[in-house]
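For the sequence shown, my numbering begins at 5 and goes up steadily by one. Glycine is no exception: its CB is placed at the ideal position from the N, C-alpha and C atoms.
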Amino acid sequence: MDLVGRVALVTGGGVRIGAQLCLALAEAGCDVVVHYAHSRDAAEHTVGRIREIGRTAWAVHADFSRDGAIAASRLFGEVLRRAPKVDLLINNAAIFGHETLVGTTAEVWRRYCAINLEAPLFLCRAFAEYVATHPSTANVHDSVVAKIVNILDWRALRPISGGTAYAVTKAALAALTIRLAQELAPRITVNGIAPGAILPPPGGDEEELRQRAHRVPLRRPGTPQDVADAVLFLLRSDFVTGEIIHVSGGEGNVTAFPETD
Ligand SMILES: NC(=O)c1ccc[n+]([C@@H]2O[C@H](COP(=O)([O-])OP(=O)(O)OC[C@H]3O[C@@H](n4cnc5c(N)ncnc54)[C@H](OP(=O)(O)O)[C@@H]3O)[C@@H](O)[C@H]2O)c1
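Written out as structure tokens, the structure is:
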């Protein structure tokens, strides 16, 4: 797919990896809807940088934490009121934590499900319905017209470390990615990116991330641009669907390490 002139919705696009995804999409010629929940100023800043690149951008608010399904469908409706169309959906927003099973109260579990799983699922649903009914795509039955990329984690495929609810909701999103690739073919491709150590958790420690790199075969943390490069590959390719690409410096294939992260 030629990305020039496409419109992308990036959830959690105001900060960190999401912001880099927005800028990389703009550099590739896309207009971008920058979704945010709490980071309004950062989202407006990202919008400003996209406009400097010469593309159109909009900041749109939605908090997924109370009810991911309702928030997702409201968000998609608001996006369609602002942007002329949507071609690309990047489900990047997520929460991360270290809660063990004992720490996983019903409230903790509900929050992870709402943000990490329900919201992306119902955004995929709204997007698929939109593609099926929008005049520019409804009559195209046998070729790729739209793309979904879900940002996962290498723990999605091997949930051997990290918080329980985090790993399980990312694993479910990986399963959804593979399932939807079948269900939404041939018009929408659905793929995932499974990052490794890229940035410390918000407010976290760079040094801890660098130390964790000792177990990364490539011996360094990745960068948000490493993630963006893989996303752009998946968006440009029209013959890749149902795949999950690790961007983990090889960490996703390490078979055993201490339960410390
Ligand atoms: N950082 C890493 O090294 C790493 C490693 C593996 C996988 N990943 C995955 O890569 C993606 C981006 O990682 P990151 O570290 O850049 O993420 P992050 O900064 O922790 O959060 C990403 C986004 O999630 C949004 N978000 C948080 N709570 C929300 C809510 N209640 N409703 C809606 N959106 C909400 C945030 O938006 P606001 O700021 O506007 O609230 C933020 O922009 C995530 O899916 C993460 O799981 C990251």
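Tell me which residue opens and which closes the beta strand (DSSP E) that residue 92 is part of.
92-95
Query raised in the report: Near residue 174, what residues of its chain come up, given a Cβ to Cβ distance below 7 Å and the 5 sequence neighbours on each side ignored?
Result: 120, 156, 157, 159, 160
| field | residue 203 beta carbon near ligand 1 (any heavy atom closer than 7 Å) | value | yes
- request: Return the residue from the list 59, 48, 139 that minimises the CA-CA distance to residue 30.
  value: Checked all of 59, 48, 139; the closest Cα to residue 30 is 59.
Notebook entry, point to check: With a CB to CB cut of under 7 Å and the five nearest residues on each side skipped, what residues in its chain are close to residue 253?
Noted result: 200, 220, 221, 222, 224, 226
### Message
Does the distance between the C-beta of residue 42 and the nearest non-hydrogen atom of ligand 1 fall short of 7 Å?
### Response
yes
Which word fits residue 70, buried or exposed, when buried means at least 16 other C-beta atoms lie within 10 angstroms of its C-beta? Flag for residue 70 reads exposed.
First and last residue of the beta strand (DSSP E) that includes residue 65?
61-65
- Query: Roughly how many whole angstroms lie between the Cα atoms of residue 178 and residue 255?
  - Reply: 17 Å
Inset, instruction - Figure out for me which residue from 26, 5, 6, 8 has the closest Cα to the Cα of residue 14. - result: Considering only alpha carbons, the answer is 26.
task = List the endpoints of the continuous alpha helix (DSSP H) containing residue 151.
result = Note, residue 151: premise wrong, no alpha helix (DSSP H); beta strand (DSSP E) at 150-155.
TODO: For residue 230, I'd like the list of residues in its chain whose CB is within less than 6 Å of its CB, leaving aside the five on either flank, ordered along the chain.
DONE: 251
Cβ neighbour criterion (16 or more within 10 Å) applied to residue 35: Label assigned to residue 35: buried.
Requested in this report: Would you identify the three-state DSSP class for residue 213, choosing helix, strand or coil?
Outcome: In the three-state reduction of the DSSP assignment, residue 213 falls in the helix class.
Sufficient close CB pairs (3 or more, under 8 Å) joining the stretch 138-150 to the stretch 201-221
no
Separation of residue 244 from residue 189, as counted between CA atoms
11 Å
- Task: Can you say whether residue 218 is buried or exposed, counting buried as having 16 or more other CB atoms within 10 angstroms of its CB?
- Result: Taking all protein chains shown into account, residue 218 has fewer than 16 neighbouring C-beta atoms within 10 Å of its C-beta and is therefore exposed.
Residue 12 and residue 77: beta carbons closer than 8 Å? no
Might you give, ordered along the chain, the residues of its own chain that have their beta carbon closer than 7 Å to the beta carbon of residue 32, omitting 5 neighbours on each side?
Cβ neighbours of residue 32 beyond the five flanking positions: 7, 236.
Problem set entry | Given residue 5 as reference, the closest of 123, 151, 212 once Cα atoms are compared | 151
**Prompt:** Is the CB-CB distance between residue 94 and residue 153 below 8 Å?
**Reply:** For the 8 Å CB-CB criterion, residue 94 and residue 153 form a contact.
Which same chain residues, not among the five before or five after residue 212, have their C-beta less than 8 Å away from its C-beta? Within the same chain, and ignoring the five residues on either side of residue 212 in sequence, the residues whose Cβ sits closer than 8 Å to its Cβ are 204.
- Message: So, for residue 125: in the same chain, excluding its five sequence neighbours on each side, which residues have a beta-carbon less than 7 Å away from its beta-carbon?
- Response: 180
Exercise. Compute the beta-carbon to beta-carbon distance between residue 123 and residue 61, rounded to the nearest angstrom, for a pair I have assumed lies under 8 Å.
Key: Rounded, the Cβ-Cβ distance is 21 Å, inconsistent with contact.
Quick one: give me the first and last residue of the beta strand (DSSP E) that residue 250 is part of. 248-251
**Study point:** Through-space distance from residue 144 to residue 134, alpha-carbon basis
**Key:** For residue 134 and residue 144, the distance between alpha carbons rounds to 13 Å.
CB-CB under 6 Å to residue 176, same chain, minus the five flanking residues each way: which ones, in chain order? Cβ within range, chain order: 121.
Kindly provide the ranges of any alpha helix (DSSP H) runs that are 4 or more residues long and lie completely inside the stretch 8-84, ordered along the chain.
20-31, 44-57
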